[in-house]
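J.:
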Amino acid sequence: MLAKLIGLGVRNYVRDSFNIFDGIIVVVSLIDFTLSLTIKVESADGIMSALRALRLLRVMKMARHWKAFQDILQIMVGSLKDISSFSVLLLLFMYIFALLGMELFAFKVFYDVNGDAVFGSENIQTAHDNGE
């Protein structure tokens with residue numbers, strides 16, 4: 000980023016939207032790096048990992064100049080359109096079988112106060128009495 004800024008100058012660097020995108024990614028990466036070295040905050044890890052995922056979008060920059068990569072991306076988008084109806088049908092079956100499993104297997108296993116599984120309805124009362 001610095002080499003491009005020095006070579007192109009600030010005005011020419013800002014004219015290309017991919018240069019601005021690269022600059023934002025570099026600045027976010029530097030912020031992430033300094034925060035990871037100085038602050039050990041676990042709640043910020045989720046935000047920073049999402050910002051790290053933005054670096055993968057730099058691959059789309061290659062699609063502008065690389066003809067074979069453009070062809071691969073077009074084929075992938077076309078295949079995603081082709082399998083969309085199958086995906087909806089698959090999700091519908093998964094939902095139906097999840098409902099069926101909940102209906103068939105609900106209240107078949109109970110847990111006592113120690114967290115141990117208790118099978119059968121005759122053992123439920125004894126497990127409750129033993130836990131107290």
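Note that numbering that gives the first Met the number 0 numbers the sequence shown so that position 14 is 13, with each residue one more than the last.
Note that beta-carbon positions come from the ideal geometry of N, C-alpha and C, so glycine has one too.
Values in this document were obtained by computation on a predicted structure and should not be read as measured data.
Along the beta strand (DSSP E) that carries F106, what are the first and last residues, could you check?
T.: Mapped onto the sequence shown, residue 106 falls at position 107. Element bounds for F106: n/a, residue is neither H nor E.
J.: Buried or exposed: where does V117 fall if 16 or more other Cβ atoms within 10 Å of its Cβ makes it buried?
T.: Against the sequence shown, residue 117 aligns to sequence position 118. V117 comes out buried.
J.: In this structure, does DSSP put A62 in helix, strand or coil?
T.: Here residue 62 refers to the residue found at position 63 when the sequence shown is read from its first residue. A62 falls in the coil class under three-state DSSP.
J.: With respect to the alpha helix (DSSP H) encompassing V25, which residues constitute its N-terminal and C-terminal limits?
T.: As a position in the sequence shown, residue 25 is number 26, starting the count at 1. Counting along the chain, the alpha helix (DSSP H) containing V25 begins and ends at 16-37.
J.: For the 8 angstroms Cβ check, are there 3 or more pairs between the region 15-31 and the region 53-62?
T.: Taking 8 angstroms as the limit for Cβ pairs, the verdict is that the region 53-62 does touch the region 15-31.
J.: If A62 sits next to L72, beta carbons under 8 angstroms apart, how far is it from one beta carbon to the other, in whole angstroms?
T.: Here residue 62 is taken as the residue at index 63 of the sequence shown, counted from 1. Here residue 72 is taken as the residue at index 73 of the sequence shown, counted from 1. Right, their Cβ atoms sit about 6 angstroms apart.
J.: So what's V117 in DSSP terms, helix, strand or just coil?
T.: The sequence position of residue 117 within the sequence shown is 118, counting from 1. DSSP places V117 in strand when its eight states are reduced to three.
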